[in-house]
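Undergrad: Taken in order, the sequence shown gives residues 1 to 191; the numbers are from the numbering used here.
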Amino acid sequence: MKKRIFALAVVAICLSVLASATIAYFTDSATARNVITSGGVHVNVVEQQLVNGSLQPYSNQPIPVMPAAAVSKIVSIENTKQPAWVRACYTITVYDAENKAMEIPSDELAKVIVIAPDASSWTQKDGWWYYNTALNTGVTTKPLFEEVVFSGPDMDNKYQRCTVVIDVNAQAVQQAHNGTTVWEALGWPEA
1 MKKRIFALAV VAICLSVLAS ATIAYFTDSA TARNVITSGG VHVNVVEQQL
51 VNGSLQPYSN QPIPVMPAAA VSKIVSIENT KQPAWVRACY TITVYDAENK
101 AMEIPSDELA KVIVIAPDAS SWTQKDGWWY YNTALNTGVT TKPLFEEVVF
151 SGPDMDNKYQ RCTVVIDVNA QAVQQAHNGT TVWEALGWPE A
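Here it is in structure tokens:
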């Protein structure tokens, strides 16, 4: 009887080895690799000026002015990547004859140096000017502003031989899957 149980055990082991060999014919493995790349947004500040009736890049050379003068400075934002929501801000710094930044109260500065942004295409909120529509790839906004006026009555002798620097900063966030208006857009960089 022990021989019979031993023989049955050997047969069972052989069958299980054959069964596992058969299962090996029905297995398979594969590796899939998916690569996903993300796009990006990129904008440029475009500064131009009107000289003798033609648009030219804005000069880095100082432009001498007198009170009541208007200087052509046409500022717009160009989108070079994916469709985006855009905002911009500008700061005005006045340097005295010794090239030291003057501390001028903002209400006085607004009377002396007048910039009139295009409120039909841009909307101001929290110190930024937001472009009202999404900016497609390869498109430039309507100008944020087109000139800087130095007010005659409010510009007194302390402004003689001064230098005025107007810095423009622009930011953009993706338009795709990011709201249907500039006000719904999320992800603005910290200012």
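Glycine included, every Cβ here is placed at the ideal spot set by N, Cα and C. Fair warning: this is a prediction, and the values are worked out from it, not measured in the lab.
Just verifying my parser: in three-state terms, what is the DSSP assignment at Tyr90?
TA: strand
Undergrad: Relative to the C-alpha of Tyr130, which residue among Ala68, Val43 and Arg87 is closest?
TA: The shortest C-alpha separation from Tyr130 is found at Arg87.
Undergrad: Which residue spans inside the stretch 51–83 form an unbroken beta strand (DSSP E) run of at least 3?
TA: Restricted to the stretch 51–83, the beta strand (DSSP E) segments that are unbroken, complete and at least 3 residues in length are 54–57 and 70–79, listed in chain order.
Undergrad: With H, G and I counted as helix, E and B as strand and the rest as coil, what does DSSP make of Asp107?
TA: Asp107 falls in the helix class under three-state DSSP.
Undergrad: Quick one: what's Val43 bridged to in DSSP?
TA: Asn79
Undergrad: Just grab the DSSP bridge partners of Glu147 for me.
TA: Ser72
Undergrad: For the beta strand (DSSP E) that Asn169 lies in, which residues bound it at each end?
TA: Where Asn169 is concerned, the enclosing beta strand (DSSP E) starts and stops at Thr163 to Gln174.
Undergrad: Whose C-beta lies closer than 7 angstroms to the C-beta of Ala24 among residues of the same chain, with five residues either side of it excluded?
TA: Residue placement at Ala24 is poorly supported in this model, since its pLDDT is 48, which falls under 50; the coordinates still yield a value, given next. If we look at Ala24 and ignore the five residues flanking it on each side, it has no Cβ neighbours.
Undergrad: Let me check understanding here. Comparing Cα to Cα, which of Pro153, Asn99 and Ile113 lies closest to Pro105?
TA: Ile113
Undergrad: With Thr123 and Asn132 assumed to form a contact (beta carbons below 8 angstroms), what rounded beta-carbon distance in angstroms separates them?
TA: 6 angstroms
Undergrad: For a quick check, are the C-beta atoms of Ser76 and Thr141 less than 8 angstroms apart?
TA: Contact flag set, yes.
Undergrad: Can you check whether the CB of Tyr90 is closer than 8 angstroms to the CB of Cys162?
TA: no
Undergrad: Taking the alpha carbon of Val168 as the point to measure from, which residue in Val51, Asp156, Pro62 and Thr93 has its own alpha carbon closest?
TA: Considering only alpha carbons, the answer is Thr93.
Undergrad: For Met155, which residues from the same chain have a beta carbon less than 7 angstroms from its beta carbon, with the 5 sequence-adjacent residues on both sides left out?
TA: Pro67 and Val112
Undergrad: Which first and last residues belong to the beta strand (DSSP E) in which Thr180 is found?
TA: Element bounds for Thr180: n/a, residue is neither H nor E.
Undergrad: Going by DSSP in three states, Val112 sits in which element: helix, strand or coil?
TA: helix
Undergrad: Cutting at 6 angstroms between CB atoms, please list the residues of its own chain near Leu50, excluding the five before and the five after it.
TA: Ser72
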